[in-house]
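The structure appears below as structure tokens.
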Amino acid sequence: MMSHCGFFVLFCFFAVRGPLTVAASPVVEHSLQMRRPSGHGSRAQLLRGVWDLPEPGHEPTSPASAGGLSTTAPPGKLRGRQVGTWGTRLDGMQPQPGPPLIPPQSEVVEMMDQIVHWVREDPSGLGRPQLPGAPAAESMAVPMMLLSLVEQLGEADDELAGSYAELGDWCARRILRHVQRGGQAVLENVSEDGEGLSGCLGRHQNPGHALETGWFLLRHAIHRGDPKLRAHVIDKFLLLPFRSGWEVQSGGLFYFQGADGLCPTQLEWAMKLWWPHSEATITFLMGYSESRDSALLNIFYQVAEYTFRQFRDPEYGEWFAYLNREGKIGLGALGCPRPSQPAVPPLPAGCFHVPWCLAMCEEMLSDLLSRLALASAPAPALSARSPPADPARRGAE
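For the sequence shown, the residue numbers in mature numbering (1 follows the signal peptide of the UniProt record, and there is no 0) are -24 to -1, 1 to 373.
Structure below.
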């Protein structure tokens, strides 16, 4: 059972997490006005990333969605990931006014089948040919995001859950191949045979991504009723990337790392970004909720305390996106300039991870508090007319 101190930590998390709204402050209003082309889209559309839907007459040549639109609506680039756009749209917000953007289930299943085809058979339809000088590699992001889709689509539909069960197991097996170096590192890239790669591609690590993958795998293990997998996930996808990725001196998760003690090639490797910390908060709260391991609760508090102290804007309640290694603001609020700071580079940071984190954590915390209330409730008094049955006598009967 969780200690009173532990639930005080959870109460503090509720107290400091701030408002759940995303588009309320002048910072966000200003950034939306700057980034919104005249006559195109509502605020909800911008926040959900529905820019990826091309306008009539400007459809891309591939069934993949466009990754960006110019002010006149033609696609500026093609979405290069199998699940990047559709995964966030299938159960999302319906902006108003306009035609429905959430397709019927038949179209969802059809698109899911297309995604599975890209992942397991032939990715050429994505329009990203394999460059002759690039080594054949498998990114952990692909089975990880596909597993997320499997979980989302099967969450409220037992029939779909059954039809995608084998696919979910396949995704989990592919992800687990990324535990390398004798079980001491989670690598972003492995060979198509699940072996380690040479060079900087093979050393590449992303602690926040490993932690995000951890809670996807954890949910899969829970749904499959597999305690052995759950324990393995906690060890390799929660504790391992946190221990290697958390900077003790300044706090926070490094953006990138290189295995084998070598420096990452990305210049921004030491920055602290909003989304790894959002995902780590979910991961460790879920890990504690399922295991009741107090060590995971302590890490949850450590991550949450840093996250809400460093990323949250005390003036508006929104989150800064990019911090430097010391935890100071690196690139403006939510990646966009303030009205009073027009020179700050308007680098984009999505509005997805923050509400995702807050909503999921609030749900898990509410569940934990409900369980505590039930566990601490006094037992009902026994009636004098109905004494408890004698165990020996009941056995004899």
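Where is the CB? At the ideal position from N, CA and C, for every residue including glycine. Quantities reported herein were computed from a predicted structural model and do not represent experimental measurements.
For residue 155, write down the residues that DSSP places opposite it in a beta bridge. Translated into positions along the sequence shown, residue 155 becomes position 179. Answer is 162.
Less than 8 Å between the CB atoms is what I'm expecting for residue 166 and residue 97, so what's the real figure, rounded? One-based indexing of the sequence shown puts residue 166 at position 190. One-based indexing of the sequence shown puts residue 97 at position 121. Contact flag wrong, Cβ pair sits at about 19 Å.
Residue 234 and residue 181: beta carbons closer than 9 Å? Along the sequence shown, one-based indexing puts residue 234 at 258. Along the sequence shown, one-based indexing puts residue 181 at 205. Going by C-beta atoms, residue 234 is nearer than 9 Å to residue 181.
Which whole-angstrom value is the C-beta distance of residue 205 and residue 162, which I expect to be below 8 Å? Within the sequence shown, the letter at position 229 stands for residue 205. Within the sequence shown, the letter at position 186 stands for residue 162. Going by Cβ atoms, the distance from residue 205 to residue 162 rounds to 15 Å, so no, they are not a contact pair.
Determine the closest residue to residue 197 out of 124, 168, 243, 257, with distance taken between C-alpha atoms. Here residue 197 corresponds to residue number 221 of the sequence shown, with the count starting at 1. Taking only the C-alpha atoms, the option nearest residue 197 is 124.
Just to confirm, is the Cβ distance from residue 178 to residue 153 under 9 Å? Within the sequence shown, the letter at position 202 stands for residue 178. Within the sequence shown, the letter at position 177 stands for residue 153. Result no, Cβ atoms of residue 178 and residue 153 do not sit closer than 9 Å.
Where DSSP assigns a beta bridge to residue 234, which residues make up the other side? Within the sequence shown, residue 234 is the residue found at index 258, counting from 1. 180.
Go ahead and label residue 239 buried or exposed: buried means 16 or more other beta carbons lie within 10 angstroms of its beta carbon, across all protein chains shown. Within the sequence shown, the letter at position 263 stands for residue 239. Residue 239 should be labelled exposed.
Supposed contact pair residue 287 and residue 296 - C-beta distance, whole angstroms, cut 8 Å: Residue 296 sits at position 320 when you count from the first residue of the sequence shown. Residue 287 sits at position 311 when you count from the first residue of the sequence shown. With a Cβ gap of about 5 Å, residue 296 and residue 287 count as contacting.
Tell me which residue opens and which closes the alpha helix (DSSP H) that residue 134 is part of. Residue 134 sits at position 158 when you count from the first residue of the sequence shown. Residues 134 to 139.
Is the beta carbon of residue 341 sitting closer than 9 Å to the one on residue 261? Taking the first residue of the sequence shown as 1, we reach residue 341 at position 365. Taking the first residue of the sequence shown as 1, we reach residue 261 at position 285. Against a cut-off of 9 Å, the Cβ pair of residue 261 and residue 341 comes out as a contact.
Reduced DSSP secondary structure (H/G/I, E/B, other) of residue 115: For this step, residue 115 is matched to residue 139 along the sequence shown. Residue 115 falls in the strand class under three-state DSSP.
If you pair each beta-carbon of the stretch 184 to 200 with each one of the stretch 239 to 259, do three or more pairs fall below 8 Å? yes
C-beta atoms of residue 184 and residue 122 nearer than 9 Å: By one-based count along the sequence shown, residue 184 stands at place 208. By one-based count along the sequence shown, residue 122 stands at place 146. Not in contact: residue 184 and residue 122 (Cβ atoms no closer than 9 Å).
Supposed close pair residue 231, residue 244 - CB separation, criterion 8 Å: As a position in the sequence shown, residue 231 is number 255, starting the count at 1. As a position in the sequence shown, residue 244 is number 268, starting the count at 1. Residue 231 to residue 244, Cβ: 6 Å. Contact.
Length of the line joining the Cα atoms of residue 140 and residue 290: By one-based count along the sequence shown, residue 140 stands at place 164. By one-based count along the sequence shown, residue 290 stands at place 314. Linking residue 140 to residue 290 through their CA atoms gives a straight-line distance of about 44 Å.
Contact belief for residue 119 with residue 147 at Cβ below 8 Å, rounded distance in angstroms: Here residue 119 refers to the residue found at position 143 when the sequence shown is read from its first residue. Here residue 147 refers to the residue found at position 171 when the sequence shown is read from its first residue. About 4 Å separates the two Cβ atoms, so the contact holds.
Using the Cα positions of residue 350 and residue 344, report the straight-line distance between them to the nearest angstrom. By one-based count along the sequence shown, residue 350 stands at place 374. By one-based count along the sequence shown, residue 344 stands at place 368. When rounded, the distance between both Cα atoms is 10 Å.
Work out the CA separation of residue 149 and residue 222 for me, nearest whole Å. For this step, residue 222 is matched to residue 246 along the sequence shown. For this step, residue 149 is matched to residue 173 along the sequence shown. For residue 222 and residue 149, the distance between alpha carbons rounds to 26 Å.
Proximity to residue 207 [Cα-Cα], best of 292, 218, 193, 220: Within the sequence shown, residue 207 is the residue found at index 231, counting from 1. That would be 193, whose Cα lies nearest to the Cα of residue 207.
Is it right to say residue 212 is buried, meaning 16 or more other beta carbons lie within 10 angstroms of its own, or is it exposed? As a working note, residue 212 is residue 236 in the sequence shown. Buried: at least 16 other Cβ atoms inside 10 Å.
Residues that residue 222 bridges to, as DSSP identifies them: Start at 1 with the first residue of the sequence shown, and residue 222 comes out as number 246. Per DSSP, 229.
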